[in-house]
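Colleague: Residue numbers (my numbering): 2 to 278. To start, I am sharing the structure in question, which I have written as C-alpha cells.
Take a look at the structure:
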C-alpha cells in the first residue's frame with residue numbers, strides 16, 4: 002500500500018541552527034539571515050532516511066517533486082534555510098509557503114485566508130446548480146437538502162481550525178453564500194435573511210461554526226489523546242471567585258489568542274460555567 006506521509010518536528014532555534022556566511026546573491030527572506038538547519042541537527046532528516054530505506058527495500062521510489070518542507074517560523078532573527086534532502090538527491094527538499102494537509106490549506110503565517118478562498122471557490126462553482134434546480138421546479142425541501150449536502154458541508158470544512166481566526170471580511174463572504182442560497186430557495190417569498198432562516202429552519206453559519214467548535218471540544222474531553230489539550234485548573238486550598246474548569250493558555254500575541262486551542266478552551270469554560278448556573 003502506497004500513500005502520502007507527513008512528519009513534523011519542533012526545532013530549538015537557539016541550538017539547532019548553524020551559520021553559513023559564504024552564500025551571496027538575492028535570497029528569500031527565510032535565507033537572508035545566513036542561518037541554516039544542518040541535516041545532522043534535524044530529526045526529520047533521520048525520518049527521511051528511514052523512509053528512504055523502507056522504500057528501497059520494497060523496490061519503491063520517493064517522489065522528490067511531491068516532497069516538500071513547510072516551516073512555521075514567526076521570528077525575525079532566526080529565519081533559516083533547511084538543508085534536508087532525500088538520500089541520493091542533489092538538491093535540498095523544496096520549502097513551500099502553502100500546503101494542503103487533510104483538506105486544509107496551511108500557510109506560513111498560519112492565517113486561514115487561503116483556505117477560505119479555496120472553499121468559497123468550490124461553493125461558488127456549485128451555486129449555479131441551485132438556480133437550475135429552482136427553475137426546474139424542485140421543491141424547497143429538496144433544494145435545502147442540496148444546499149446542506151453540497152454547499153454548506155464545504156463551507157464548514159475544517160471550521161474548528163479556522164473559525165476563531167477568520168477576519169470580518171471572510172466571515173461575511175462565507176455568510177453571503179447562505180444568503181444567496183436561501184434567496185434562491187425562497188424566490189418571490191423572500192423578505193429578509195433572518196425571516197428566511199426561520200422559515201427554512203436554518204441557522205447562521207457563524208452560529209453553526211460555534212456549535213461545531215463546542216461539539217468538537219466536548220468530544221475531545223472523552224478522547225484519550227485529545228483531552229490532553231485541555232489542562233484542568235489546579236485545585237487550591239483557598240476559595241476563589243469564578244474558578245474556571247480548564248486553565249486557559251497564556252498568550253503574548255493576538256495570533257495565539259485567536260488560535261483554536263485558546264478559543265476551544267474558552268468555549269469549554271463558558272459552557273461549564275453556564276451549566277453550573
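All residues carry an ideal CB built from backbone N, CA and C; glycine is no exception.
1) Can you look up residue 124 in the DSSP assignment and give me helix, strand or coil?
2) From the DSSP output, in three-state form, read off residue 37 for me.
3) For residue 178 and residue 156, which I take to be in contact (beta-carbon distance under 8 Å), what is that distance rounded to the nearest angstrom?
4) Kindly indicate which three-state DSSP category residue 146 falls into: helix, strand or coil?
5) Any idea if residue 46 is buried or exposed, counting beta-carbon neighbours within 10 angstroms, 16 or more meaning buried?
6) Would you say residue 166 and residue 259 are within 7 Å of each other, going by their C-beta atoms?
7) Which term fits residue 131, buried or exposed, when burial requires 16 or more other beta carbons within 10 angstroms of its beta carbon?
8) How far does the alpha helix (DSSP H) with residue 162 in it extend, from its first residue to its last?
9) Is the beta carbon of residue 120 sitting closer than 7 Å to the one on residue 99?
10) Mind checking residue 133: buried by the 16 CB within 10 Å criterion, or exposed?
11) Buried or exposed: residue 36, going by 16 or more other Cβ atoms within 10 Å of its Cβ?
12) Can you look up residue 69 in the DSSP assignment and give me helix, strand or coil?
13) Compute the minimum distance between the beta carbon of residue 144 and the heavy atoms of the ligand HEM, and state whether it is under 6 Å.
14) Does the Cβ of residue 281 have 16 or more other Cβ atoms within 10 Å, making it buried, or fewer, making it exposed?
15) Mind checking which residues open and close the beta strand (DSSP E) that includes residue 83?
16) Quick one: what does DSSP say residue 101 is sitting in, helix, strand or coil?
17) Using only the alpha-carbon positions, how far apart do residue 191 and residue 148 sit?
18) Less than 7 Å between the beta carbons of residue 248 and residue 232, yes or no?
19) Which residues does DSSP list as the beta-bridge partners of residue 273?
20) Which partner residues of residue 247 appear in the DSSP bridge assignment?
Modeller: Looking at the coordinates:
1) Note: residue 124 maps to helix in three-state DSSP.
2) Secondary structure at residue 37: strand, using DSSP grouped into helix, strand and coil.
3) Their Cβ separation, rounded to whole angstroms, is 6 Å, which keeps residue 178 and residue 156 in contact under 8 Å.
4) Secondary structure of residue 146 (DSSP, three-state): helix.
5) Buried is the call here.
6) Against a cut-off of 7 Å, the Cβ pair of residue 259 and residue 166 comes out as a contact.
7) With 16 or more Cβ atoms within 10 Å of its Cβ, residue 131 is classed as buried.
8) That run of the alpha helix (DSSP H) goes 160-163.
9) In this structure, the beta-carbon distance from residue 120 to residue 99 does not fall below 7 Å.
10) With fewer than 16 other Cβ atoms within 10 Å, it is exposed.
11) With 16 or more Cβ atoms within 10 Å of its Cβ, residue 36 is classed as buried.
12) Reduced to three states, the DSSP call for residue 69 is strand.
13) Looking at this structure, you won't find the ligand HEM or any other ligand, since it has none at all.
14) The displayed coordinates of the chain run from 2 to 278. Any statement about residue 281 would go beyond what the structure contains.
15) 81-83 is the extent of the beta strand (DSSP E) around residue 83.
16) Three-state DSSP puts residue 101 in a strand.
17) The alpha-carbon atoms of residue 191 and residue 148 are separated by roughly 17 Å.
18) Residue 232 is positioned such that its CB atom lies closer than 7 Å to that of residue 248.
19) According to DSSP, which records beta bridges pairwise, residue 273 is partnered with nothing at all.
20) Bridge partners of residue 247: 233.
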